[in-house]
Amino acid sequence: DLADESEAAIEWRGLARALADVTAVPALPTPPGFLAELRPYQREGLSWLALLHGHRLGGILADDMGLGKTLQLLALIAHTRTLPDPRPWLVVAPTSVLPTWRDEAARFAPGLRVAVVEATSVRRRQTIAHIAARADIVVAPYGVVRTDADEFAVPHWSGVVLDEAQFVKNPATRVHRAIAALRSDAVFAATGTPVENGLDDLWALLSLTAPGLFPSIRRFREDYTRAIEQLPTDQPTALSAAAASAHREKTLDRLRRRVRPFLLRRTKDVVASDLPTKQEQQITVALSPAHQELYDRVLQRERQKVLGLLDDLDRQRFIVFRSLTLLRMLALAPGLVDERDAHLGSAKLDELLERLVEIAAEGHRALVFSQFTSFLDLAAERLDAAGLAYAHLDGSTARRGEVVERFRAGEAPVFLISLKAGGFGLTLVEADYVFLLDPWWNPAAESQAIDRTHRIGQIRSVFVYRLIAAGTVEEKVRALQQRKAALFDAVIDDDDAFAASLEADDIRALLGE
435 DLADESEAAI EWRGLARALA DVTAVPALPT PPGFLAELRP YQREGLSWLA LLHGHRLGGI
495 LADDMGLGKT LQLLALIAHT RTLPDPRPWL VVAPTSVLPT WRDEAARFAP GLRVAVVEAT
555 SVRRRQTIAH IAARADIVVA PYGVVRTDAD EFAVPHWSGV VLDEAQFVKN PATRVHRAIA
615 ALRSDAVFAA TGTPVENGLD DLWALLSLTA PGLFPSIRRF REDYTRAIEQ LPTDQPTALS
675 AAAASAHREK TLDRLRRRVR PFLLRRTKDV VASDLPTKQE QQITVALSPA HQELYDRVLQ
735 RERQKVLGLL DDLDRQRFIV FRSLTLLRML ALAPGLVDER DAHLGSAKLD ELLERLVEIA
795 AEGHRALVFS QFTSFLDLAA ERLDAAGLAY AHLDGSTARR GEVVERFRAG EAPVFLISLK
855 AGGFGLTLVE ADYVFLLDPW WNPAAESQAI DRTHRIGQIR SVFVYRLIAA GTVEEKVRAL
915 QQRKAALFDA VIDDDDAFAA SLEADDIRAL LGE
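Heads up, the sequence shown is in our numbering, so the first residue is 435 and it goes up one at a time.
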């Protein structure tokens with residue numbers, strides 16, 4: 435549909451035609467002054483990035499977490515500084531990741547001038563144009579780019595890097611529109627999870643990095659999403675199950691072929707076979723009889739409330755998710771919901787403490803993740819009582835860098851981390867045990883957390899324990915996770931399973947209907 439196409443999409447298609455003449459990706463040497471020794475797959479990644487950038491095209495670097503996406507992109511930036519008339523790059527990242535870019539650049543590309551912009555224009559003396567004129571890389575958080583979109587749109591950037599690019603997977607947000615309005619030769623998205631909840635995630639990233647590949651979200655849904663995610667059509671056909679499956683495979687293959695030139699993904703199993711093994715185990719924890727009786731009573735009450743709202747899920751979503759969150763917190767510890775029930779304790783914390791004491795005594799170190807900061811607070815109280823030292827990181831932590839460094843320095847064997855505050859952007863290879871205290875709807879968030887320690891630099895095997903409360907909503911959340919992971923595997927990792935995103939039927943299943 436021509437009406438759906440932007441000027442950027444039309445220009446992009448003209449540039450992309452030049453790729454038809456490319457028969458191979460030319461190998462690129464390590465840029466002068468770049469101090470890291472790139473692994474073979476990282477050199478291949480640099481060559482791929484440079485080929486696209488040389489044609490003023492972007493792409494998605496979707497390597498497995500922990501394989502050095504930042505390093506490859508830094509090498510690309512260093513390479514472009516050797517070209518005639520170099521211009522600055524813009525790196526947009528979550529606030530917690532800004533120090534990583536500054537530190538990695540100082541370590542591996544000390545010749546690059548890096549300016550970290552953390553304040554909005556209200557609290558900043560210099561304009562973005564002024565800062566960019568004196569820097570090779572400008573690093574800014576997503577929130578600042580969103581707030582000061584007009585300022586960031588002034589320079590013509592050599593390129594834009596979107597780190598942890600899942601932050602811009604919603605095209606309806608202001609931050610996505612701000613990125614789309616930037617002037618640059620190319621946009622590169624870096625994320626190990628380009629598909630988290632559904633194919634719309636992939637389209638949102640491609641609309642920024644390759645805007646002419648699928649110009650219309652409506653056409654993309656009709657041509658790909660409907661078949662791959664098995665969505666109902668307005669006019670159902672009489673296709674047999676076999677024919678529908680064949681159509682799905684054909685559609686998947688067509689999508690992969692179209693996306694392949696603009697998406698590069700390597701997994702640890704293939705390119706980092708020297709990485710120590712990762713063993714994952716689910717520990718099913720039985721609630722005490724009194725805790726289970728309370729949970730079942732609340733479940734019946736919330737089930738009656740929620741099931742009547744699902745026919746109007748869009749309008750009632752907040753109420754529905756509030757009920758589900760209540761059940762999830764109750765499965766962890768009744769005291770999180772009502773202090774009067776705190777005496778019922780927490781079977782999960784009992785299990786956790788027993789294992790942490792043993793792990794610490796053997797000289798190992800552990801990361802402990804939860805989405806609920808209040809549950810981490812309870813874990814901290816139990817660690818205090820046991821005399822076990824720990825570091826603690828959540829969204830309210832003031833001196834994040836100091837807390838991380840204390841753990842790295844060996845001052846504590848346990849690191850309590852909220853999934854939202856520390857699930858990405860950290861390298862914590864000092865730990866070799868990971869505990870996930872509660873499951874999240876999105877399996878990608880858990881994978882991000884695990885890969886804080888299972889990444890390049892790890893020299894020991896990593897043991898991952900998922901604690902699941904038996905007979906609760908957590909078991910249903912775990913099943914939902916596996917369906918979402920199947921969609922990612924089907925589209926990105928070429929497996930054969932499919933899934934849809936969280937809908938009314940999923941919620942019925944979570945409530946045991």
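Beta carbons: idealized from backbone N, C-alpha and C, even for Gly.
One Cα belongs to residue 859, the other to residue 623, and the distance between them is close to 15 Å. When DSSP states are grouped into helix, strand and coil, residue 618 belongs to the strand group.
Looking at 799, 868, 760, the one whose alpha-carbon comes closest to that of residue 844 is 799.
Taking C-alpha positions only, residue 801 is separated from residue 861 by approximately 11 Å. Across the set 823, 763, 832, 839, the C-alpha of 763 shows the shortest separation from the C-alpha of residue 804. Residue pairing by DSSP places residue 495 opposite 624, 698 in a beta bridge. Between residue 720 and residue 493 the beta-carbon gap is near 48 Å, outside 8 Å, which marks them as no contact.
Put simply, of 590, 743, 689, 893 the residue whose alpha carbon is nearest the alpha carbon of residue 657 is 689.
For residue 870 and residue 448, the gap between their C-alpha atoms comes out near 47 Å. Selection 866, 515, 736 evaluated against residue 714 yields 866 as nearest (Cα-Cα). Residue environment analysis places residue 551 among the buried positions, since at least 16 neighbouring C-beta atoms fall within 10 angstroms of its C-beta. Residue state for residue 718 is assigned as strand, using DSSP reduced to three classes.
Note that the C-beta distance between residue 697 and residue 767 is not below 7 Å.
Residue 546 is positioned such that its CB atom lies closer than 7 Å to that of residue 571. Going by C-alpha positions, residue 736 is about 18 Å away from residue 769.
Taking each of 596, 749, 682, 753 in turn and checking the Cα distance to residue 740, the smallest one comes out for 753. Shown here, residue 852 sits in a strand according to DSSP, grouped into three states. In terms of CA proximity to residue 848, 790 leads the group 790, 810, 482. The region 484-499 makes no contact with the region 600-610; the number of CB pairs closer than 8 Å stays below 3.
With a cut-off of 8 Å on Cβ pairs, the region 513-520 is not in contact with the region 571-584, counting fewer than three such pairs.
Put simply, of 484, 807, 566, 456 the residue whose alpha carbon is nearest the alpha carbon of residue 464 is 484.
Judged by beta-carbon spacing, residue 469 lies beyond the 7 Å limit of residue 480, meaning their Cβ atoms are not closer than that value.
DSSP, read as helix, strand or coil, puts residue 523 in strand. Annotation: the continuous alpha helix (DSSP H) that includes residue 485 extends over 474-488.
Beta-bridge partners of residue 574 (DSSP): 526. Between residue 527 and residue 579, the C-beta gap is not smaller than 7 Å, which leaves the two residues out of contact. Counting other Cβ atoms within 10 Å of its Cβ, residue 595 reaches 16 or more and is therefore classed as buried. In this structure, 543 is the residue among 519, 517, 543, 839 with its C-alpha nearest to the C-alpha of residue 507.
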